[in-house]
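J.:
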Amino acid sequence: MTNAYNIVLASQSPRRKQLMEWAEVNFDVIAPVTDEAFPETMPVEEVPVHIARNKALAVKDGYDYNRYDIQSPIVAADTIVVLNNQIIGKPESRNDAIRILSSLSGKRHQVITGVVILAGEKEVSFADITSVWFHELTEEQIIFYVDKYEPYDKAGAYAIQEWIGVTGIKSIEGDFYNVMGLPVSRVLQALQTL
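Numbering follows my numbering, with no gaps: position 46 of the sequence shown is 28.
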């Protein structure tokens, strides 16, 4: 697939990079360092869009973006895991990862990815929601996964494409790739509208 302007992926995530590569899109990566804070009163569905917008703006206002055409789209995303309307972030430690996965065991949670695409003065933004159901996980399974895969950089302390996704997830409703971190087909449709 070709595009008139080079796309800039505003992400440090190797999974988002891999998904864009699978889509055979021409893109470069500029990984901004941004504050991921958000207002406490913000509805949970708006949180990842808010964070993604901050990432996109950090790239647009940054020095590295100067070498691109002003219409070159910037794609930014942020993914959160939500259980009982509470956001579950990245685990702070081994024990925290075990605690998070124990809380997800046998339950349904939502994975929400907020996407913001900036192109010149235009902006497209949306949140994509996927529901994920885990089987009841044993303590042994959880400890095995945490110790082998060290999911400390992942919201919800897991990656669906790893062992725990293959063995521990009962079902999903929505976009599988959204759970990996980017609803690629929806992103591509949004880019075409720009």
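Beta carbons: idealized from backbone N, C-alpha and C, even for Gly.
For Lys152, name the three-state secondary structure that DSSP assigns.
T.: Residue mapping note: residue 152 aligns to position 170 of the sequence shown, counting from 1. Three-state result, Lys152: strand.
J.: Let's test the definition: count the other Cβ atoms within 10 Å of the Cβ of Arg(-2) and tell me whether it reaches 16, buried, or not, exposed.
T.: Walking along the sequence shown from the start, residue -2 turns up at place 16. Result: buried.
J.: What residue ranges within the stretch 59 to 140 form continuous alpha helix (DSSP H) runs of no fewer than 4 residues, ordered along the chain?
T.: Qualifying alpha helix (DSSP H) stretches, in chain order: 76 to 86 and 121 to 131.
J.: Contact between the stretch 115 to 133 and the stretch 60 to 71: three or more CB pairs below 8 Å?
T.: Short answer: they don't touch.
J.: Could you name each continuous alpha helix (DSSP H) segment of 4 residues or more that falls completely within the stretch -9 to 47, going from the start of the chain to the end?
T.: Segments of the alpha helix (DSSP H) lying fully in the stretch -9 to 47: -4 to 4 and 29 to 42.
J.: Got a sec? Which residues, its chain only, sit under 6 Å from Leu164 by beta carbon, not counting five neighbours each side?
T.: As a working note, residue 164 is residue 182 in the sequence shown. Within the same chain, Leu164 has close Cβ partners Arg(-2), Leu1 and Ala59.
J.: Any idea what DSSP makes of Ala(-11), helix, strand or coil?
T.: Sequence index remark: in the sequence shown, residue -11 carries index 7 (1-based). A quick correction: the sequence has Ile, not Ala, at residue -11. Strand, per DSSP.
J.: Confirm, please, whether the CB-CB distance from Ala137 to Lys89 is below 8 Å.
T.: As a working note, residue 89 is residue 107 in the sequence shown. As a working note, residue 137 is residue 155 in the sequence shown. Against a cut-off of 8 Å, the Cβ pair of Ala137 and Lys89 comes out as no contact.
J.: Determine the closest residue to Arg76 out of Gln171, Ala139, Thr23 and Leu176, with distance taken between C-alpha atoms.
T.: For the purposes of this step, residue 76 is taken as residue 94 along the sequence shown, with counting starting at 1. For Arg76, the nearest C-alpha among the options comes from Ala139.
J.: Relative to the ligand FAD, is the shortest distance from any of its heavy atoms to the C-beta of Ser85 smaller than 7 Å?
T.: With respect to small molecules bound, the structure shown includes none, and the ligand FAD cannot be examined in it.
J.: Around the C-beta of Thr(-16), are 16 or more other C-beta atoms found within 10 angstroms, so that it is buried, or is it exposed?
T.: Within the sequence shown, numbered from 1, the residue matching residue -16 stands at position 2. Below a pLDDT of 50, predicted positions are generally treated as unreliable, and Thr(-16), at 39, falls in that range; no measurement from the model is reported.
J.: For the alpha helix (DSSP H) containing Tyr159, list its first residue and its last residue.
T.: On the sequence shown, position 177 is the one that residue 159 refers to. Counting along the chain, the alpha helix (DSSP H) containing Tyr159 begins and ends at Phe158 to Met162.
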